[in-house]
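Colleague: The sequence shown lines up with residues 5 to 237 when you count with the working numbering. Think of the CB as a built atom: it goes at the ideal place given N, C-alpha and C, for glycine as much as any other residue.
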Amino acid sequence: MPPRVATTKPGPPPPGQLKIIGEKCLVFVHENATAGEPKSVLEAIDTFGYEHHWMMNVGDVKGELVDQEIAKVKPKVLVELGGLFGYSAVRFASQMRELSRPSVHVYSFEISPDFAAIAMEMVEFAGLSNIVAIFVGTFDDNFTKLKELGVDHADVFFLDHDKKCYKSDLQIIEQSGLLRSGSVVMADNVVVAHITDYLEYVRAHKNFNSVMYDSYLEYSDIKDALEVSTYVA
5 MPPRVATTKP GPPPPGQLKI IGEKCLVFVH ENATAGEPKS VLEAIDTFGY
55 EHHWMMNVGD VKGELVDQEI AKVKPKVLVE LGGLFGYSAV RFASQMRELS
105 RPSVHVYSFE ISPDFAAIAM EMVEFAGLSN IVAIFVGTFD DNFTKLKELG
155 VDHADVFFLD HDKKCYKSDL QIIEQSGLLR SGSVVMADNV VVAHITDYLE
205 YVRAHKNFNS VMYDSYLEYS DIKDALEVST YVA
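Structure, rendered in structure tokens:
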């Protein structure tokens, strides 16, 4: 069955419009979701993405693939590069809490202060502020804060930020000391964004076993995929 498709065309909005869209989405969530119920928050964001404006979230379809990987790994610590408006942080934290309560943590790195502020409100409304921490800035500039918090490794990394940075940030992740045998790195949009340098690097890497899962670009019928790479050193 073909996937459901948003009423607006997929793709980045004009400059300056993304913050406005995020603010409208937050209002929609407050009006249509139930505070403290992550599932209702996710459903509201998905509805907004389908019926009001296309969103750059991992989305409900590809999100199920990530859910399956999280169920396999049962992570206690997940690090996200590219938090946008908090959809993925809410999705991941909610599932992790169900699988491994109570001591789970999601650390989200978002370069835009405006987007991070919206994400913080989204996470708070979902009742997950005790699990999710959002850092404003790049992973490269801020990953040492994880060590300061006592984080010695991450079970899952989720890459969904600037596609030109996937390869270089994976290399920074390698250098950070946060990988352990069994850690999983998931990279979104590897097909639609043609992230060939990342794919070539991680697939040739002697310390990663990689699998690509076919899917669709969020809220569309455009083919995309999720690359899942397990660290085996």
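(1) With E84 as the anchor, note down where its beta strand (DSSP E) starts and where it stops.
(2) Kindly give me the distance between the Cβ atoms of P42 and V94, rounded to whole angstroms, as I take these residues to be in contact under 8 Å.
(3) Can you give the Cα-Cα distance for T142 and E114, rounded to whole angstroms?
(4) Applying the 10 Å Cβ sphere with the 16-neighbour rule, what's the burial state of K168?
(5) Starting from the Cα of V188, find the closest Cα among N146, E178 and V196 and give me that residue.
(6) Are A158 and V62 close, meaning C-beta to C-beta below 8 Å?
(7) How about P129 and H56: are their beta carbons less than 8 Å apart?
(8) Which class does S214 belong to by DSSP, given the choice of helix, strand or coil?
(9) Determine the extent of the alpha helix (DSSP H) in which F119 is found, giving its start and end residues.
(10) Since L230 is in the beta strand (DSSP E), which residue starts that stretch and which ends it?
(11) Give me the Cα-Cα distance between G163 and V110, rounded to the nearest whole angstrom.
(12) According to DSSP, is H109 helix, strand or coil?
(13) Is V77 closer than 8 Å to S219 when the C-beta atoms are compared?
(14) Beta-carbon separation of C29 and F89 under 8 Å?
(15) In the DSSP assignment, what residue or residues form a beta bridge with V160?
(16) Can you tell me where the alpha helix (DSSP H) holding I24 begins and where it ends?
(17) What residues are listed by DSSP as bridge partners for V140?
(18) In three-state terms, what does DSSP make of S92?
(19) For K171, count neighbouring C-beta atoms within 10 Å of its own C-beta (all shown protein chains included) and say buried if the count is 16 or more, exposed if not.
(20) Pull up the distance between the alpha-carbon of V239 and that of S133, whole angstroms please.
(21) Would you list the one or two residues that DSSP bridges to S219?
(22) Alpha helix (DSSP H) containing V45: first to last residue?
(23) Report yes if the C-beta distance between V70 and S224 is below 8 Å; otherwise report no.
(24) Judging by CA-CA distance, which residue of M100, E231, G53 and R207 is the nearest neighbour of V194?
Modeller: In terms of the structure at hand:
(1) Here residue 84 refers to the residue found at position 80 of the sequence shown. Residues V81 to L85.
(2) The count along the sequence shown starts at 1 and reaches residue 42 at position 38. The count along the sequence shown starts at 1 and reaches residue 94 at position 90. Indeed they touch by this definition, with Cβ atoms about 5 Å apart.
(3) As a working mapping, residue 142 is identified with position 138 in the sequence shown. As a working mapping, residue 114 is identified with position 110 in the sequence shown. Cα to Cα, the separation comes out at about 7 Å.
(4) The residue you call residue 168 lines up with position 164 of the sequence shown. Its Cβ having fewer than 16 others within 10 Å, K168 is exposed.
(5) Indexing the sequence shown from 1 puts residue 188 at position 184. Selected option, being the one with the closest Cα: E178.
(6) For the purposes of this step, residue 158 is identified with residue 154 of the sequence shown, where counting begins at 1. For the purposes of this step, residue 62 is identified with residue 58 of the sequence shown, where counting begins at 1. Contact flag unset, no.
(7) In the sequence shown, counting from the first residue as 1, residue 129 sits at position 125. In the sequence shown, counting from the first residue as 1, residue 56 sits at position 52. It is worth fixing the name first, because residue 129 is Phe in this sequence and not Pro. No, they are not a contact pair.
(8) Working through the sequence shown from its first residue, we reach residue 214 at position 210. Note: S214 maps to strand in three-state DSSP.
(9) Working through the sequence shown from its first residue, we reach residue 119 at position 115. Per DSSP, F119 belongs to the alpha helix (DSSP H) from P117 to F129.
(10) In the sequence shown, the residue the question calls residue 230 occupies position 226. That run of the beta strand (DSSP E) goes K227 to Y235.
(11) Your numbering for residue 163 matches position 159 in the sequence shown. Your numbering for residue 110 matches position 106 in the sequence shown. The identity of residue 163 in the sequence shown is Leu, whereas the question assumes Gly. Across the structure, L163 and V110 are spaced so that their CA atoms are roughly 13 Å apart.
(12) Numbered from its first residue, the sequence shown carries residue 109 at position 105. Note: H109 maps to strand in three-state DSSP.
(13) Taking the first residue of the sequence shown as 1, we reach residue 219 at position 215. Taking the first residue of the sequence shown as 1, we reach residue 77 at position 73. Cβ atoms of S219 and V77: not closer than 8 Å.
(14) For the purposes of this step, residue 29 is taken as residue 25 along the sequence shown, with counting starting at 1. For the purposes of this step, residue 89 is taken as residue 85 along the sequence shown, with counting starting at 1. Contact flag set, yes.
(15) For the purposes of this step, residue 160 is identified with residue 156 of the sequence shown, where counting begins at 1. Beta-bridge pairing links V160 to L82 and V188.
(16) Here residue 24 is taken as the residue at index 20 of the sequence shown, counted from 1. Segment Q21 to N36, the alpha helix (DSSP H) holding I24.
(17) Within the sequence shown, numbered from 1, the residue matching residue 140 stands at position 136. Answer by DSSP bridge pairing, in chain order: E114.
(18) Within the sequence shown, the letter at position 88 stands for residue 92. Reduced to three states, the DSSP call for S92 is helix.
(19) Locating residue 171 in the sequence shown gives position 167, counting from the first residue. Classification of K171: buried, given that the 10 Å Cβ count is 16 or more.
(20) Because the chain spans 5 through 237 in this model, residue 239 falls outside it and cannot be assessed.
(21) The count along the sequence shown starts at 1 and reaches residue 219 at position 215. S219 pairs with D228.
(22) Residue mapping note: residue 45 aligns to position 41 of the sequence shown, counting from 1. It spans P42 to E55 - the alpha helix (DSSP H) in which V45 sits, taken as one unbroken run.
(23) The sequence position of residue 70 within the sequence shown is 66, counting from 1. The sequence position of residue 224 within the sequence shown is 220, counting from 1. Going by C-beta atoms, V70 is not nearer than 8 Å to S224.
(24) On the sequence shown, residue 194 is found 190 positions in, with the first residue counted as 1. The residue with the shortest Cα to Cα distance from V194 is E231.
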